[in-house]
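Peer 1: Below: one structure in structure tokens.
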Amino acid sequence: MANLHHQILIIGGGAAGITVAASLKRHAEGKSLNIAIVDPADNHYYQPAFTLVGGGCYSLAKTRRRMASLIPNGVDWFQQAATNIDAENNSVELANGDKITYDYLVVCPGLVLDWDAIEGLKDAIGKGGVCTNYSPEYTEYTWKCIQNTKKGDKLFFTQAPLPFKCPGAPQKIAYLAADYLKGKGMLADCDVHFTNPGPGMFGVPYFAKQLSVIADRYGIHKDLLHKLTKIDGKAKKATFEVVDGDNKGEIKELDYDMIHVTPHQKTPDFLHGSSVSNDAGYVGVHQNSMQHVKYPNVFGLGDACSTPNSKTAAAVRKQAPTVVQNIKNLMDGKAIEETYNGYGSCPLTTARGKVLMAEFIYGGKVTPTMPYIARPNEESTLMWYTKTIGLPLLYWEFMLKGYEKFLEPQLDYDTGE
Numbered sequence: 005m006a007n008l009h010h011q012i013l014i015i016g017g018g019a020a021g022i023t024v025a026a027s028l029k030r031h032a033e034g035k036s037l038n039i040a041i042v043d044p045a046d047n048h049y050y051q052p053a054f055t056l057v058g059g060g061c062y063s064l065a066k067t068r069r070r071m072a073s074l075i076p077n078g079v080d081w082f083q084q085a086a087t088n089i090d091a092e093n094n095s096v097e098l099a100n101g102d103k104i105t106y107d108y109l110v111v112c113p114g115l116v117l118d119w120d121a122i123e124g125l126k127d128a129i130g131k132g133g134v135c136t137n138y139s140p141e142y143t144e145y146t147w148k149c150i151q152n153t154k155k156g157d158k159l160f161f162t163q164a165p166l167p168f169k170c171p172g173a174p175q176k177i178a179y180l181a182a183d184y185l186k187g188k189g190m191l192a193d194c195d196v197h198f199t200n201p202g203p204g205m206f207g208v209p210y211f212a213k214q215l216s217v218i219a220d221r222y223g224i225h226k227d228l229l230h231k232l233t234k235i236d237g238k239a240k241k242a243t244f245e246v247v248d249g250d251n252k253g254e255i256k257e258l259d260y261d262m263i264h265v266t267p268h269q270k271t272p273d274f275l276h277g278s279s280v281s282n283d284a285g286y287v288g289v290h291q292n293s294m295q296h297v298k299y300p301n302v303f304g305l306g307d308a309c310s311t312p313n314s315k316t317a318a319a320v321r322k323q324a325p326t327v328v329q330n331i332k333n334l335m336d337g338k339a340i341e342e343t344y345n346g347y348g349s350c351p352l353t354t355a356r357g358k359v360l361m362a363e364f365i366y367g368g369k370v371t372p373t374m375p376y377i378a379r380p381n382e383e384s385t386l387m388w389y390t391k392t393i394g395l396p397l398l399y400w401e402f403m404l405k406g407y408e409k410f411l412e413p414q415l416d417y418d419t420g421e
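Its first residue numbered 5, the sequence shown is counted upward by one per residue in my numbering.
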């Protein structure tokens with residue numbers, strides 16, 4: 005068992021961890037920063053494109069790169085899982101028994117899929133029309149299921165209870181599937197449902213209103229306040245519970261031919277009961293500074309932290325500069341800055357070739373980056389190319405390489421409502 009020390013230790017080599025490490029190296033200004041990343045994965049995925057893969061619009065291979073190729077030069081990589089954080093003693097334990105001490109800790113391990121939260125899902129997934137875009141193992145099967153749809157088939161697209169990553173994804177694939185079926189002249193003969201345990205189509209009313217119109221355009225049934233609780237893969241039946249309203253507690257067992265499932269999601273096990281986590285297992289940080297609420301030398305960002313923003317890669321892009329600047333401020337004896345405003349972005353694919361770009365900050369305030377191209381609640385072909393070409397390029401070649409300056413969202417935008 006080795007005992008090691010690093011000035012800055014980052015748990016997680018996803019979008020958040022790589023971006024913070026690369027940005028710190030760029031901000032070093034000649035200083036020799038001793039940085040290490042802890043992550044057991046061999047591959048790194050551009051997860052925002054998984055919906056496109058499932059919709060037959062993108063190659064899975066284009067979403068994947070070797071982790072070793074993305075670790076910034078001069079940053080050490082421990083290809084191990086973290087198993088414990090002892091924030092009182094500035095120490096992290098790894099799966100192989102090693103302990104690493106640190107001066108500053110950044111916790112961003114992301115979320116894991118909880119296959120057991122929906123009864124029968126683990127056994128049913130990947131066959132018999134049960135699919136999901138939330139795992140690279142099954143995204144291509146989603147597209148096969150859509151292509152195999154026949155007239156008269158019943159299709160479900162389910163959303164999990166919040167929080168989960170990319171909350172627009174469950175309905176994005178519903179629209180792509182419906183658009184495909186429409187093109188084949190089959191949509192009117194199919195029964196398509198979008199189910200959501202929440203009360204609306206989206207968390208921001210401005211966008212929810214338009215998404216409801218889009219769903220109606222396709223004839224998609226909006227089964228709100230419905231939570232998927234069980235899959236019977238052999239019988240091809242899905243069980244839903246009505247979670248609120250006049251029919252609260254009602255149980256519905258429905259037949260399906262295809263069902264795209266959003267698995268419940270949670271933080272990795274080592275965070276549950278950890279000194280840096282809240283009762284729900286999320287890293288407890290200040291929502292504007294990203295600094296831990298108890299340990300000043302600990303920061304969190306990305307999907308596993310407690311900030312009440314939409315869990316998207318776009319949020320990470322805005323959180324990372326705040327984390328980097330505040331680590332620098334601590335090193336230089338300066339005050340912590342509260343610069344993250346809750347920004348998140350959901351490029352909602354409403355058809356093959358059309359995207360509604362939903363951008364917003366805390367409080368659901370709409371903050372579009374390019375409103376001169378399309379109103380924020382309008383479907384746009386140019387935004388489709390932004391989603392399919394521009395954003396992957398931004399991710400791989402700029403964000404993960406530590407570049408921070410991009411077009412800024414308009415914080416004073418008036419929706420007219």
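From the three backbone atoms N, C-alpha and C, an ideal C-beta is built for every residue, glycine too.
(1) Which word fits Val217, buried or exposed, when buried means at least 16 other C-beta atoms lie within 10 angstroms of its C-beta?
(2) Cα separation between Met130 and Gly277?
(3) Can a CB atom of chain B be found closer than 8 Å to the CB of Glu97?
(4) Would you report the Cα separation of Asn292 and Gly249, rounded to the nearest angstrom?
(5) Taking the alpha-carbon positions, what's the Trp147 to Leu180 distance?
(6) Per DSSP, Gln269 is paired with what?
(7) Taking the alpha carbon of Pro267 as the point to measure from, which residue in Val246, Ser314, Asn200 has its own alpha carbon closest?
(8) Report yes if the CB atom of Arg426 is closer than 8 Å to the CB atom of Asn47, and no otherwise.
(9) From the DSSP output, which residues share a beta bridge with Ile340?
(10) Assuming contact is defined by CB atoms lying nearer than 8 Å, are Leu275 and Val287 in contact in what I supplied?
(11) Going by Cα to Cα distance, which pick from Leu117, Leu115, Asp127, Ile89 is closest to Leu109?
(12) Taking C-alpha atoms, which residue in Val24, Leu37, Lys66, Ala20 lies nearest to Thr335?
(13) Going along the chain, which residues of its own chain have a beta-carbon closer than 6 Å to the beta-carbon of Met262, five neighbours each way excluded?
(14) What number of angstroms, rounded off, separates the C-alpha of Lys371 from the C-alpha of Ala239?
(15) Whole angstroms are fine: how far does the CA of Asn301 sit from the CA of Asp107?
(16) Flag this pair as yes or no: are the beta carbons of Thr136 and Gly406 separated by less than 8 Å?
(17) Starting from Asn330, trace the alpha helix (DSSP H) in both directions and tell me its first and last residue.
(18) Between Asp236 and Gly114, how many whole angstroms is the CB-CB distance? I'm expecting something under 8 Å.
(19) Only counting the same chain, and skipping five residues up and downstream in sequence, which positions put a Cβ closer than 6 Å to that of Lys391?
(20) Rounded to whole angstroms, what is the Cα-Cα separation between Lys409 and Tyr366?
(21) For Gln295, which beta-bridge partners are listed by DSSP?
(22) Please name the residue, chosen from Tyr138, Thr162, Pro76, Gly17, that lies closest to Gln83 on a Cα-to-Cα basis.
(23) With distances taken from CA atoms, which of Leu258, Gly357, Leu411 is nearest Asp227?
(24) Cα-Cα, which of Pro396, Pro380, Leu397 is closest to Gly420?
(25) Mapping the DSSP letters down to three states, classify Phe244 as helix, strand or coil.
(26) Is the CB-CB distance between Glu144 and Val280 below 8 Å?
(27) In chain order, which continuous runs of the alpha helix (DSSP H) of length 4 or greater are located wholly inside the segment 173-203?
(28) Helix or strand or just coil, what does DSSP make of Asp259?
(29) Which first and last residues belong to the alpha helix (DSSP H) in which Leu397 is found?
(30) Check this for me: beta carbons of Asn313 and Gly348, under 8 Å apart or not?
(31) Arg321 to Gly78, Cα distance in whole Å?
(32) With distances taken from CA atoms, which of Ala65, His290, Gly357 is nearest Thr326?
(33) Taking Asn345 as the reference, which of Ile331, Thr353, Lys332, Glu363 has the closest Cα?
(34) If you follow the beta strand (DSSP E) that Lys148 is in, where does it begin and where does it stop?
Peer 2: In brief:
(1) One-based indexing of the sequence shown puts residue 217 at position 213. Answer is exposed; the Cβ neighbour count stays below 16.
(2) Your numbering for residue 130 matches position 126 in the sequence shown. Your numbering for residue 277 matches position 273 in the sequence shown. Here residue 130 is Gly; the residue named in the question, Met, does not match the sequence. Approximately 33 Å between the Cα atoms of the pair.
(3) Reference to chain B is not applicable here, since this structure consists of a single protein chain.
(4) Here the question's residue 292 lines up with position 288 in the sequence shown. Here the question's residue 249 lines up with position 245 in the sequence shown. The straight-line gap from Cα to Cα measures roughly 35 Å.
(5) Within the sequence shown, the letter at position 143 stands for residue 147. Within the sequence shown, the letter at position 176 stands for residue 180. About 10 Å.
(6) Along the sequence shown, read from residue 1 onward, the residue named residue 269 stands at position 265. Gln269 is bridged to Leu117.
(7) Your numbering for residue 267 matches position 263 in the sequence shown. Comparing Cα-Cα distances from Pro267 to each of Val246, Ser314, Asn200, the minimum goes to Asn200.
(8) The question about residue 426 has no answer here: the residues shown for the chain are numbered 5 through 421.
(9) Within the sequence shown, numbered from 1, the residue matching residue 340 stands at position 336. In the DSSP output, where bridge partners are listed per residue, Ile340 has none listed.
(10) Residue mapping note: residue 275 aligns to position 271 of the sequence shown, counting from 1. Residue mapping note: residue 287 aligns to position 283 of the sequence shown, counting from 1. Yes, the Cβ-Cβ distance between Leu275 and Val287 is below 8 Å.
(11) Here the question's residue 109 lines up with position 105 in the sequence shown. The shortest Cα separation from Leu109 among Leu117, Leu115, Asp127, Ile89 belongs to Ile89.
(12) On the sequence shown, position 331 is the one that residue 335 refers to. In the sequence as displayed, the identity of residue 335 is Met instead of Thr. It is Leu37 whose Cα lies nearest to the Cα of Met335.
(13) As a working mapping, residue 262 is identified with position 258 in the sequence shown. So the list reads Gly133, Cys149, Leu159, once near-sequence residues are dropped.
(14) For this step, residue 371 is matched to residue 367 along the sequence shown. For this step, residue 239 is matched to residue 235 along the sequence shown. Looking at the sequence shown, residue 371 is not Lys but Thr. Here the alpha carbon of Thr371 sits roughly 46 Å from the alpha carbon of Ala239.
(15) Counting from 1 along the sequence shown, the entry for residue 107 is found at position 103. Counting from 1 along the sequence shown, the entry for residue 301 is found at position 297. Straight-line Cα distance between these residues: approximately 7 Å.
(16) Taking the sequence shown and counting its residues from 1, the one referred to as residue 136 is at position 132. Taking the sequence shown and counting its residues from 1, the one referred to as residue 406 is at position 402. Against a cut-off of 8 Å, the Cβ pair of Gly406 and Thr136 comes out as no contact.
(17) Within the sequence shown, numbered from 1, the residue matching residue 330 stands at position 326. From DSSP, the alpha helix (DSSP H) with Asn330 extends over 317-335.
(18) In the sequence shown, counting from the first residue as 1, residue 236 sits at position 232. In the sequence shown, counting from the first residue as 1, residue 114 sits at position 110. Their Cβ separation, rounded to whole angstroms, is 30 Å, which puts Asp236 and Gly114 out of contact at 8 Å.
(19) Position 387 of the sequence shown, counted from the first residue, corresponds to residue 391. Hits under 6 Å: Pro351, Val359.
(20) Stepping through the sequence shown from its first residue, residue 409 is reached at position 405. Stepping through the sequence shown from its first residue, residue 366 is reached at position 362. Rounded to whole angstroms, Lys409 to Tyr366 spans 21 Å at the Cα level.
(21) As a first step, residue 295 is located in the sequence shown; it is residue number 291 there, counting from the start. Answer by DSSP bridge pairing, in chain order: Phe303.
(22) Position 79 of the sequence shown, counted from the start, is the residue given in the question as residue 83. Minimum Cα distance to Gln83 is reached at Gly17.
(23) Within the sequence shown, residue 227 is the residue found at index 223, counting from 1. For the residues Leu258, Gly357, Leu411, the minimum Cα distance to Asp227 belongs to Leu258.
(24) Here residue 420 corresponds to residue number 416 of the sequence shown, with the count starting at 1. Nearest of Pro396, Pro380, Leu397 to Gly420, Cα basis: Pro380.
(25) Taking the first residue of the sequence shown as 1, we reach residue 244 at position 240. Phe244 falls in the strand class under three-state DSSP.
(26) By one-based count along the sequence shown, residue 144 stands at place 140. By one-based count along the sequence shown, residue 280 stands at place 276. In terms of Cβ geometry, Glu144 and Val280 do not form a close pair [threshold 8 Å].
(27) 173-187
(28) Translated into positions along the sequence shown, residue 259 becomes position 255. In the structure shown, Asp259 sits in a strand (DSSP, three-state: E or B).
(29) As a working mapping, residue 397 is identified with position 393 in the sequence shown. Leu397 -> alpha helix (DSSP H) spans 395-401.
(30) On the sequence shown, position 309 is the one that residue 313 refers to. On the sequence shown, position 344 is the one that residue 348 refers to. Taking 8 Å as the Cβ cut-off, Asn313 and Gly348 qualify as a contacting pair.
(31) On the sequence shown, position 317 is the one that residue 321 refers to. On the sequence shown, position 74 is the one that residue 78 refers to. Distance between the alpha carbons of Arg321 and Gly78: 22 Å.
(32) As a working note, residue 326 is residue 322 in the sequence shown. Minimum Cα distance to Thr326 is reached at His290.
(33) The sequence position of residue 345 within the sequence shown is 341, counting from 1. Ranking Ile331, Thr353, Lys332, Glu363 by Cα distance to Asn345 puts Glu363 first.
(34) Residue numbering aside, residue 148 sits at position 144 when the sequence shown is read from its first letter. Here Lys148 belongs to no beta strand (DSSP E); instead the alpha helix (DSSP H) covers 143-151.
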